[in-house]
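Protein chains in written order, with the numbering used here: chain A, 1 to 115; chain B, 1001 to 1112.
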């Protein structure tokens, strides 16, 4: 079975440009999570969705960040305009809703560098 | 105080050694606990859930002490392939909240 699929794997762009990260969760999973990972701050939850509806976006750094989930098989995270401090690895993860906590399955991540 | 604290290491051990990692968490309402493993430049992967009574999976043993808000991971007979960063993870709180709080990780290097 296919796991969580993220694209692109790597992105290098100049500050001020719009960046769009994409994620396809595991089929049948109800929850989708966007994380950012840096050496200093570790893994930080940005936003998560349940059945395509955003539940908690308190981790989104500022208005430059936005996320959408138009259907159960696709989500985007956009940064506009991008800044050098946005450089990080961005992970998408998905999980099932089966009562007790289900493990989160991660994609390979997008390595983002803003010059 | 950080919500989930871990000794960053690195832990350098020889093959066959036993190594233990500790983790403390601040939210007494947390209900679910996990250890994830992350290889260099890879995504985190679930290693094991941590249950109140403690649990074992092969060479790995996890313990939970709710009173002290403390979680541990013991690796016996360590292998070269165990070299990775181990992330302690706790749920934000009970109910429908699916947020997980992640430690910064403990780095392990197993040497031949």
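We treat Cβ as the ideally placed atom computed from N, Cα and C, and that holds for glycine.
Original post:
Counting pairs of beta carbons, one from the stretch 1013-1023 of chain B and one from the stretch 1064-1084 of chain B, are three or more of them closer than 8 Å?
Top reply: yes
Subject >> Close beta carbons around residue 1052/B, own chain, < 8 Å, minus the five adjacent residues each side >> reply: Walking along the second chain from the start, residue 1052/B turns up at place 52. If we look at residue 1052/B and ignore the five residues flanking it on each side, its Cβ neighbours are 1064, 1066.
Subject >> Burial state of residue 10/A, where buried means 16 or more other Cβ atoms lie within 10 Å >> reply: Here residue 10/A refers to the residue found at position 10 when the first chain is read from its first residue. When all chains shown are included, residue 10/A counts as exposed.
Original post:
residue 1112/B by DSSP, collapsed to three states: which one?
Top reply: Indexing the second chain from 1 puts residue 1112/B at position 112. In this structure, residue 1112/B counts as coil in the three-state DSSP scheme.
Original post:
What does a CB cutoff of less than 6 Å around residue 57/A pick up in its chain, not counting 5 residues either side in sequence?
Top reply: Along the first chain, read from residue 1 onward, the residue named residue 57/A stands at position 57. Excluding residues within five positions, the ones whose Cβ falls inside 6 Å are 47.
Original post:
In chain A, which residues lie less than 9 Å from residue 1010/B when you measure between Cβ atoms?
Top reply: Within the second chain, numbered from 1, the residue matching residue 1010/B stands at position 10. Neighbours of residue 1010/B on chain A: none; closest Cβ ~14 Å, over 9 Å.
Subject >> Extent of the continuous beta strand (DSSP E) run through residue 50/A >> reply: The count along the first chain starts at 1 and reaches residue 50/A at position 50. Residues 42-50.
**OP:** Within its chain, find whatever has a CB closer than 6 Å to the CB of residue 89/A; leave out the 5 residues flanking it on each side and keep chain order.
**Re:** As a working note, residue 89/A is residue 89 in the first chain. Taken in chain order, the residues that qualify are 37, 109, 111.
Subject >> Residues that residue 114/A bridges to, as DSSP identifies them >> reply: Reading the first chain from its first residue, position 114 is the one you call residue 114/A. Paired residue(s): 13/A.
Subject >> Cα-Cα separation, residue 1026/B to residue 1007/B >> reply: For this step, residue 1026/B is matched to residue 26 along the second chain. For this step, residue 1007/B is matched to residue 7 along the second chain. Residue 1026/B and residue 1007/B: Cα-Cα distance of roughly 15 Å.
Original post:
Can you tell me whether DSSP reads residue 1044/B as helix, strand or coil?
Top reply: Within the second chain, numbered from 1, the residue matching residue 1044/B stands at position 44. Three-state DSSP puts residue 1044/B in a strand.
**OP:** Using only alpha-carbon positions, find the residue among 33/A, 104/A, 82/A, 55/A that is nearest to residue 20/A.
**Re:** Locating residue 20/A in the first chain gives position 20, counting from the first residue. Nearest of 33/A, 104/A, 82/A, 55/A to residue 20/A, Cα basis: 82/A.
**OP:** Report yes if the C-beta distance between residue 116/A and residue 106/A is below 8 Å; otherwise report no.
**Re:** The structure shown does not extend to residue 116/A, since chain A spans only 1 to 115, so no value can be given for it.
Original post:
What is the rounded straight-line gap between the Cα of residue 28/A and the Cα of residue 102/A?
Top reply: Here residue 28/A refers to the residue found at position 28 of the first chain. Here residue 102/A refers to the residue found at position 102 of the first chain. Looking at the two C-alpha atoms, the distance is approximately 13 Å.
Subject >> Under 8 Å between C-beta atoms of residue 1005/B and residue 91/A >> reply: As a first step, residue 1005/B must be located in the second chain, where it is residue number 5. As a first step, residue 91/A must be located in the first chain, where it is residue number 91. Not in contact: residue 1005/B and residue 91/A (Cβ atoms no closer than 8 Å).
Subject >> Closest residue to residue 1101/B among 41/A, 87/A, 12/A (Cα-Cα distance) >> reply: Taking the second chain and counting its residues from 1, the one referred to as residue 1101/B is at position 101. Shortest Cα-Cα distance from residue 1101/B to any of 41/A, 87/A, 12/A involves 41/A.
Subject >> Partner residues on chain B for residue 103/A, Cβ-Cβ distance less than 8 Å >> reply: Taking the first chain and counting its residues from 1, the one referred to as residue 103/A is at position 103. Near residue 103/A (Cβ distances below 8 Å), the residues of chain B are 1034, 1046, 1049.
Original post:
Which one of 72/A, 45/A, 79/A has the shortest CA to CA distance from residue 65/A?
Top reply: Within the first chain, residue 65/A is the residue found at index 65, counting from 1. Checked all of 72/A, 45/A, 79/A; the closest Cα to residue 65/A is 79/A.
Subject >> Sequence ranges, beta strand (DSSP E) only - wholly within the stretch 1044-1097 of chain B, length at least 3 >> reply: 1044-1050, 1055-1057, 1060-1065, 1070-1075, 1084-1091
**OP:** Note down, in chain order, every chain B residue with its Cβ under 8 Å from the Cβ of residue 106/A.
**Re:** Within the first chain, the letter at position 106 stands for residue 106/A. Those are 1043, 1044, 1045, listed as they occur along chain B.
Original post:
Under a CB-based cut-off of 8 Å, is residue 1074/B close to chain A?
Top reply: Here the question's residue 1074/B lines up with position 74 in the second chain. Not closer than 8 Å to any Cβ of chain A, the Cβ of residue 1074/B fails to qualify, so no.
Original post:
Since residue 1101/B sits in a beta bridge, which residues does DSSP pair it with?
Top reply: Numbered from 1 along the second chain, position 101 holds the residue referred to as residue 1101/B. Per DSSP, 1090/B.
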